[in-house]
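Chemist: My questions all concern the structure below.
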Amino acid sequence: MSSAYIPLIVDGLADAALIFFVAVGLTLVFSVMRILNVAHGSFYALGAYISVVIGLWLTGRGGPVLGLAALVISPVLIAVLLGPLIELTLLRWTYGRPEALQILVTFGLFLILEDAQKLIFGVQPYSQDTPMQILGITRIGGIVYLNYQLILVLMAVLVAVGLRLMLKRTRIGKLIVTVVTDQELAQTLGIDSSRVFILAFSLGVFLAALGGALASPTVGVAPGLGSETIVLAFAVAAIGGLGQIEGAALAAILVGLTRSAAIYFAPEFQPVAPYLVMLAVLLVRPFGLFGSIGLRRI
Amino acid sequence: MTAILSVRDLHINFGGVKAADGVDLEIFPHELVAVIGPNGSGKTTFLNLCTGYISPSQGSVTFEGQAITDLRPRQITRRGIARAFQIPQLFTGHSLIDNVMLAIAAQRGIWQPFRPLAQREYLDEARRTLGLLSLDEAADLPTATLPEGMRKLADIAIALALKPRLLLLDEPTSGVSTAEKFPLMDKIVSVLRAGKITALFVEHDMDMVERYADRVLVWDAGRVIATGAPGEILRSADVLERVIGVS
Amino acid sequence: MTLRHIIGLALIAAVLPLAVPWLGFVFTLAVGKGLAALGVAVLLRGGLISIGHALYFAVGAYATAFLMRNDGINEFLLLLLLSTVVATLVGLVVGVFMVRYRAIFFAMLNLAVSMVFFTLLSKMYHVTGGTDGLRVATPTLFGFAPSRVQFNSVLQYGSLILMIGAALIVDRYLRSPLGEALSAVHSNEVRLEYLGVSARRVILIAYAASAALAGLGGTVTAFAVGHIVPELSYWTISGQLVLIAVLGGIGGTPGAFIGAFFLELVRTFAVGFAADAWNVIIGIALLIVIFFLPEGLYGLLHRTGKQGSTP
Ligand SMILES: Nc1ncnc2c1ncn2[C@@H]1O[C@H](COP(=O)(O)OP(=O)(O)OP(=O)(O)O)[C@@H](O)[C@H]1O
Ligand SMILES: [Mg+2]
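Here the protein sequences come in this chain order: R, F and V. For the first sequence, the numbering used here begins at 22 and goes up steadily by one. For the second sequence, the numbering used here begins at 57 and goes up steadily by one. For the third sequence, the numbering used here begins at 23 and goes up steadily by one.
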């Protein structure tokens with residue numbers, strides 16, 4: 022393979038990293054609460070807006086390096102403030118109700134958050150690429166890499182491995198897994214699933230907001246970001262198989278690379294690339310790459 | 057006499073469990089066959105294999121001389137095999153009579169977009185079918201609220217409405233009180249006799265088997281270990297130990 | 023029941039604009055959305071949620087524009103008919119693929135297909151006019167060329183007739199063996215297959231019908247607005263259609279129209295005093311209805327109706 026494609030691949034992987042954060046959050050929330058959260062993309066958008074605002078503020082106080090901290094502070098802030106609030110007030114009510122209602126409740130939340138963003142941040146695009154600037158570039162073998170992109174990929178790998186380890190090794194992770202696999206068993210074991218739900222949902226919010234925050238230096242932040250992101254995240258989560266962390270990772274890579282190839286070869290069709298991948302994958306594997314469904318006992 | 061259903065060397069594994077491990081058997085026209093065996097021995101799995109709910113990894117199923125091994129439940133039903141389930145399979149959004157009318161419509165032609173389901177003809181026939189099992193009183197109740205015993209009966213009524221030539225009943229009286237078991241099975245058997253329907257029923261109650269079955273198939277660990285008249289089978293020490301001792 | 027309610031709604035929608043003329047336009051838009059939402063409601067009967075039906079809404083609208091521009095067809099009724107047929111055919115083709123999926127996957131695949139279509143509409147400038155969209159001229163009526171104002175009245179009352187017709191036809195369909203089989207898909211697909219009925223075929227028919235309704239709604243909308251844009255197919259419109267269907271209540275066919283009238287009225291007033299916040303208002307209204315009126319707005323009507331009739 023010619024080295025001319027290397028930048029393409031790096032772009033694709035950096036894109037995949039950002040997509041992965043949102044999609045894995047979506048898939049995690051789905052696997053624990055069995056709810057498809059339409060408002061998930063709005064947390065991504067909020068993450069982007071708030072990290073730009075906080076980033077500019079911090080840069081004003083302590084210079085651009087301090088500004089970098091905003092990329093991590095804002096998702097934490099959003100997750101802590103909104104996660105428990107939304108889970109307790111809105112989602113809790115929907116558990117065990119028809120799917121259409123669950124989706125609609127989150128759609129209502131989506132509508133509210135979309136306009137709230139316009140009211141708070143206005144409709145002008147925000148951009149803040151200082152974090153990308155100050156991290157600079159690396160030159161290896163005549164090829165220029167943006168360090169920011171490399172860090173994105175690294176972080177995505179860390180998040181993927183971290184999530185896996187958390188679910189396997191830590192107490193709270195094991196609780197989550199128990200709730201996912203057998204709600205009744207969890208109840209008889211006396212697991213406080215209410216706490217698990219709050220935690221899992223907040224973690225999902227954090228991951229979406231983190232994706233948005235980390236994306237903010239690379240894109241203009243404007244209205245519509247949330248609605249574009251959620252459909253992309255749906256596609257990626259479906260490709261991977263709903264509720265599958267490794268599936269989401271693989272799907273994100275597939276979609277990231279396809280998108281960057283599309284930008285290169287057929288830019289007009291870049292927006293449809295994820296859906297075409299999704300249609301192709303689901304045609305062959307109806308429950309996604311890693312998904313499966315058990316036969317119902319009759 | 058040629059068999060109505062014949063099964064050769066059926067195999068299926070779930071993980072490590074051999075739920076069917078070389079099942080060989082034949083069912084003859086107008087027989088009423090009981091299937092007995094301990095929990096988890098593969099009785100329901102056998103019905104699943106015969107009706108296309110799962111496909112065997114090996115082996116064949118032949119109904120009225122034609123291979124049905126790789127057909128879907130829908131196709132097999134259309135050929136004349138109906139089934140009532142261990143866990144009743146009802147349309148929980150509908151009333152009992154609607155459930156039965158759906159079965160009647162399915163049999164006569166469901167592809168009518170503008171005539172109501174609740175047409176005279178279907179209503180009458182559904183009431184008649186429900187009457188056979190003394191379910192008329194519950195006709196207009198939503199099936200979701202019926203007690204378990206009635207749900208099992210409702211499931212059987214749906215199967216009967218399909219006018220099958222072979223009926224597979226998975227523990228037909230399991231949700232019914234002991235006092236009601238015999239009267240109920242009497243009703244089922246008279247419908248079978250009147251309609252010349254061949255049937256197979258999975259049963260854990262040996263009194264029922266003794267009283268109603270023409271022949272017994274004994275299941276254990278995914279295979280048929282004995283077959284014969286109820287009198288001799290239920291007195292075999294081996295069967296007693298393996299089946300009745302366990303269940 | 024259905025007949026009384028839908029005719030009641032049509033009468034209100036016919037009379038109110040006599041006093042407040044601009045309501046005529048709002049109601050026509052509501053019928054357009056209501057038709058599409060009725061399509062979504064049909065699928066909901068089968069437990070299938072489509073977050074992509076704006077696709078067929080847009081197909082209906084663009085079919086009208088293309089037929090007028092490329093094929094020189096200008097006759098109003100013919101355009102309604104042909105556009106609906108086009109949407110139905112697209113629904114059949116896409117449906118063959120969709121019927122293999124259930125639940126979330128069905129929802130998402132519809133979303134995906136509609137997003138692909140949205141992108142094509144936006145990017146293929148030479149065919150679709152891109153993001154500028156296309157103009158839809160005033161059509162002819164039995165050969166006569168009405169003025170815009172005359173046509174608007176025809177459309178306004180004509181759409182109410184369409185509404186009544188669609189509600190009654192769908193109502194019959196849902197009570198037929200085929201329609202009841204659709205609810206049976208929802209409650210127990212395994213049993214349905216064990217009745218010898220192909221659940222996929224039952225769904226395919228419902229899917230094509232829902233595409234037809236959405237396409238018809240899109241055509242009505244195209245005529246009412248006189249200009250169409252790719253956003254007609256964007257997923258938030260699909261979301262709105264689900265919203266209308268559930269908001270109105272899927273207990274009966276008038277629900278979709280009641281939901282649509284409600285939504286369009288709220289939107290009209292919201293634009294008046296809080297243009298930037300209309301989504302917030304809709305979102306909150308939606309949550310209130312979901313939380314406090316589990317059977318939707320139509321359920322409310324039903325309940326009061328029942329209370330009235332029992333002494
Ligand atoms: N779809 C499936 N997936 C995994 N294992 C299965 C499946 N169906 C059946 N089994 C296993 O196969 C074995 C046979 O099950 P089956 O339900 O056929 O038993 P059975 O004889 O009907 O028992 P019972 O009398 O309790 O109804 C059991 O160990 C069961 O756990
Ligand atoms: Mg069993």
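We put the beta carbon where it would ideally sit given N, CA and C, even for glycine.
Can you name, in chain order, every residue of its own chain whose Cβ lies under 6 Å from the Cβ of alanine 200/F, other than the five neighbours on each side?
Modeler: The count along the second sequence starts at 1 and reaches residue 200/F at position 144. Answer for alanine 200/F: Thr148, listed in chain order.
Chemist: Could you check if lysine 99/F belongs to the surroundings of ligand 2, using beta carbon to heavy atom distance under 7 Å?
Modeler: Residue 99/F sits at position 43 when you count from the first residue of the second sequence. Yes, Cβ of lysine 99/F sits closer than 7 Å to a heavy atom of ligand 2.
Chemist: Within 8 Å (strictly less), CB to CB, does histidine 75/V reach chain F?
Modeler: Here residue 75/V is taken as the residue at index 53 of the third sequence, counted from 1. Not one chain F Cβ lies under 8 Å of histidine 75/V.
Chemist: Pick helix, strand or coil for lysine 328/V, following the three-state DSSP scheme.
Modeler: For the purposes of this step, residue 328/V is identified with residue 306 of the third sequence, where counting begins at 1. The pLDDT assigned to lysine 328/V is 41, lower than 50, so where the model puts this residue is not dependable, and the model offers no usable value.
Chemist: Taking the beta carbon of serine 303/F as the centre, do at least 16 other beta carbons fall within 10 Å, making it buried, or is it exposed?
Modeler: Taking the second sequence and counting its residues from 1, the one referred to as residue 303/F is at position 247. Any reading at serine 303/F needs caution, since the residue's pLDDT is 43, under 50, leaving its predicted position unreliable; the model's value is listed next. So serine 303/F counts as exposed.
Chemist: Should glycine 93/F be listed as close to ligand 1, given that the test is whether its C-beta is under 7 Å from any heavy atom?
Modeler: By 1-based counting over the second sequence, the position of residue 93/F is 37. Yes.
Chemist: Go to aspartate 80/F, then tell me how far its beta strand (DSSP E) extends in each direction, as first and last residue.
Modeler: Counting from 1 along the second sequence, the entry for residue 80/F is found at position 24. Per DSSP, aspartate 80/F belongs to the beta strand (DSSP E) from 73-83.
Chemist: Where does serine 303/F fall in DSSP's three states?
Modeler: Working through the second sequence from its first residue, we reach residue 303/F at position 247. In this prediction, serine 303/F scores a pLDDT of 43, lower than 50, which makes its location untrustworthy; no coordinate-derived value is stated.
Chemist: Enumerate in chain order the residues of its own chain whose CB-to-CB distance from threonine 332/V is below 7 Å, with the five nearest sequence positions on each side excluded.
Modeler: Mapped onto the third sequence, residue 332/V falls at position 310. Annotation note: pLDDT 32 at threonine 332/V (below 50); position unreliable, coordinate value reported separately. The answer is none, since no qualifying residue turns up.
Chemist: In angstroms with no decimal places, state the Cα-to-Cα distance between leucine 226/V and valine 118/V.
Modeler: Taking the first residue of the third sequence as position 1, residue 226/V is located at position 204. Taking the first residue of the third sequence as position 1, residue 118/V is located at position 96. Leucine 226/V and valine 118/V: Cα-Cα distance of roughly 7 Å.
Chemist: Would you say alanine 119/F reaches chain R, if we count a Cβ-Cβ gap shorter than 8 Å as a contact?
Modeler: If you number the second sequence from 1, residue 119/F lands on position 63. Per the sequence shown, the amino acid found at residue 119/F is phenylalanine instead of alanine. No - not a single Cβ of chain R is within 8 Å of the one on phenylalanine 119/F.
Chemist: Three Cβ pairs or more, each shorter than 8 Å: is that satisfied between the segment 244-257 of chain V and the segment 146-165 of chain V?
Modeler: These segments touch.
Chemist: Three-state secondary structure (DSSP) at asparagine 96/V?
Modeler: For the purposes of this step, residue 96/V is identified with residue 74 of the third sequence, where counting begins at 1. Reduced to three states, the DSSP call for asparagine 96/V is coil.
Chemist: Quick one: does the C-beta of phenylalanine 308/R sit closer than 7 Å to a heavy atom of ligand 1?
Modeler: By one-based count along the first sequence, residue 308/R stands at place 287. For ligand 1, not one heavy atom lies less than 7 Å from the Cβ of phenylalanine 308/R.
Chemist: So what does phenylalanine 119/F bridge to, in DSSP terms?
Modeler: Position 63 of the second sequence holds residue 119/F. According to DSSP, phenylalanine 119/F bridges with Leu61/F and Gln122/F.
Chemist: Just to confirm, are histidine 27/V and proline 276/V a CB contact at a threshold of 8 Å?
Modeler: What you label residue 27/V is simply residue 5 of the third sequence in a count that begins at 1. What you label residue 276/V is simply residue 254 of the third sequence in a count that begins at 1. Yes, the pair counts as a contact, with Cβ atoms nearer than the cut-off.
Chemist: Taking alanine 121/R and valine 268/V to be in contact with their CB atoms under 8 Å, please state how far apart those CB atoms are, rounded to whole angstroms.
Modeler: Along the first sequence, one-based indexing puts residue 121/R at 100. Along the third sequence, one-based indexing puts residue 268/V at 246. With a Cβ gap of about 6 Å, alanine 121/R and valine 268/V count as contacting.
Chemist: Is the Cβ-Cβ distance between valine 135/V and glycine 74/V less than 8 Å?
Modeler: To locate residue 135/V, count along the third sequence from 1; it is residue 113. To locate residue 74/V, count along the third sequence from 1; it is residue 52. Contact: yes.
Chemist: Going along chain V, which residues have a C-beta under 8 Å from aspartate 136/R?
Modeler: Counting from one through the first sequence, the residue named residue 136/R turns up at place 115. By Cβ distance, chain V contributes Asp298, Ala299, Trp300, Asn301, Val302 and Gly305.
Chemist: Taking glycine 61/V as the reference, which of Thr241/V, Ile312/V and Ala231/V has the closest Cα?
Modeler: On the third sequence, position 39 is the one that residue 61/V refers to. Closest option to glycine 61/V, Cα to Cα, is Ala231/V.
Chemist: Should valine 115/V go down as buried or exposed, given a rule of 16 or more other Cβ atoms within 10 Å for buried?
Modeler: Along the third sequence, read from residue 1 onward, the residue named residue 115/V stands at position 93. Exposed, by the Cβ-count rule.
Chemist: Of all Cβ atoms in chain F, is any one closer than 8 Å to the Cβ of lysine 328/V?
Modeler: As a working note, residue 328/V is residue 306 in the third sequence. Residue placement at lysine 328/V cannot be trusted, given a pLDDT of 41 that sits under 50; the coordinates are not used to answer.
Chemist: Using DSSP with H/G/I as helix, E/B as strand and the rest coil, what is aspartate 211/F?
Modeler: In the second sequence, the residue the question calls residue 211/F occupies position 155. Helix.
Chemist: Can you pull the chain V residues whose beta carbon is under 8 Å from the beta carbon of threonine 148/F, in chain order?
Modeler: In the second sequence, counting from the first residue as 1, residue 148/F sits at position 92. What threonine 148/F touches in chain V: Ser209 and Asn210.
Chemist: Considering only the beta carbon of each residue, do glycine 113/V and valine 207/V sit closer than 8 Å?
Modeler: In the third sequence, counting from the first residue as 1, residue 113/V sits at position 91. In the third sequence, counting from the first residue as 1, residue 207/V sits at position 185. Going by C-beta atoms, glycine 113/V is not nearer than 8 Å to valine 207/V.
Chemist: In angstroms with no decimal places, state the Cα-to-Cα distance between arginine 185/R and leucine 179/R.
Modeler: Taking the first residue of the first sequence as 1, we reach residue 185/R at position 164. Taking the first residue of the first sequence as 1, we reach residue 179/R at position 158. Arginine 185/R and leucine 179/R: Cα-Cα distance of roughly 10 Å.
Chemist: By how many angstroms is the C-alpha of leucine 216/F removed from the C-alpha of isoleucine 137/F?
Modeler: Stepping through the second sequence from its first residue, residue 137/F is reached at position 81. Stepping through the second sequence from its first residue, residue 216/F is reached at position 160. Between isoleucine 137/F and leucine 216/F, the C-alpha separation is close to 10 Å.
Chemist: Applying the criterion that 16 or more other CB atoms from any shown protein chain within 10 Å of the CB defines a buried residue, is glutamine 208/R buried or exposed?
Modeler: Sequence index remark: in the first sequence, residue 208/R carries index 187 (1-based). Per the 10 Å Cβ criterion, exposed.
Chemist: Quick one: is the Cβ of valine 258/F within less than 7 Å of any heavy atom of ligand 2?
Modeler: Stepping through the second sequence from its first residue, residue 258/F is reached at position 202. Because some heavy atom of ligand 2 lies under 7 Å away, the Cβ of valine 258/F counts as near it: yes.
Chemist: Please compile the residues from chain R whose C-beta is within a distance smaller than 8 Å of the C-beta of phenylalanine 170/F.
Modeler: Counting from one through the second sequence, the residue named residue 170/F turns up at place 114. Per Cβ cutoff of 8 Å: no residues; phenylalanine 170/F is ~27 Å from chain R at best.
Chemist: Drop a sphere of 10 angstroms on the beta-carbon of glycine 322/R, count the other beta-carbons inside from all chains shown, and report buried for 16 or more, exposed for fewer.
Modeler: There is no way to answer for residue 322/R, as the model of chain R reaches only from 22 to 319.
Chemist: Could you check what DSSP says for asparagine 69/F in three-state terms: helix, strand or coil?
Modeler: Within the second sequence, numbered from 1, the residue matching residue 69/F stands at position 13. Looking at asparagine 69/F - three-state DSSP - the assignment turns out to be strand.
Chemist: For the alpha helix (DSSP H) that phenylalanine 284/V lies in, which residues bound it at each end?
Modeler: Against the third sequence, residue 284/V aligns to sequence position 262. Note, phenylalanine 284/V: alpha helix (DSSP H), 276-295.
Chemist: Quick one: which chain F residues come within Cβ less than 7 Å of leucine 260/V?
Modeler: The residue you call residue 260/V lines up with position 238 of the third sequence. Here residue 260/V turns out to be serine, not leucine, going by the sequence shown. Per Cβ cutoff of 7 Å: no residues; serine 260/V is ~25 Å from chain F at best.
Chemist: Once the 5 residues before and after leucine 214/V are set aside, which same chain residues still bring their CB inside 8 Å of it?
Modeler: Position 192 of the third sequence, counted from the start, is the residue given in the question as residue 214/V. Around leucine 214/V: Ala203, Ala206, Val207, Ala221 and Val224.
Chemist: Work out the CA separation of phenylalanine 283/V and proline 316/V for me, nearest whole Å.
Modeler: Taking the first residue of the third sequence as position 1, residue 316/V is located at position 294. Taking the first residue of the third sequence as position 1, residue 283/V is located at position 261. Rounded to whole angstroms, proline 316/V to phenylalanine 283/V spans 19 Å at the Cα level.
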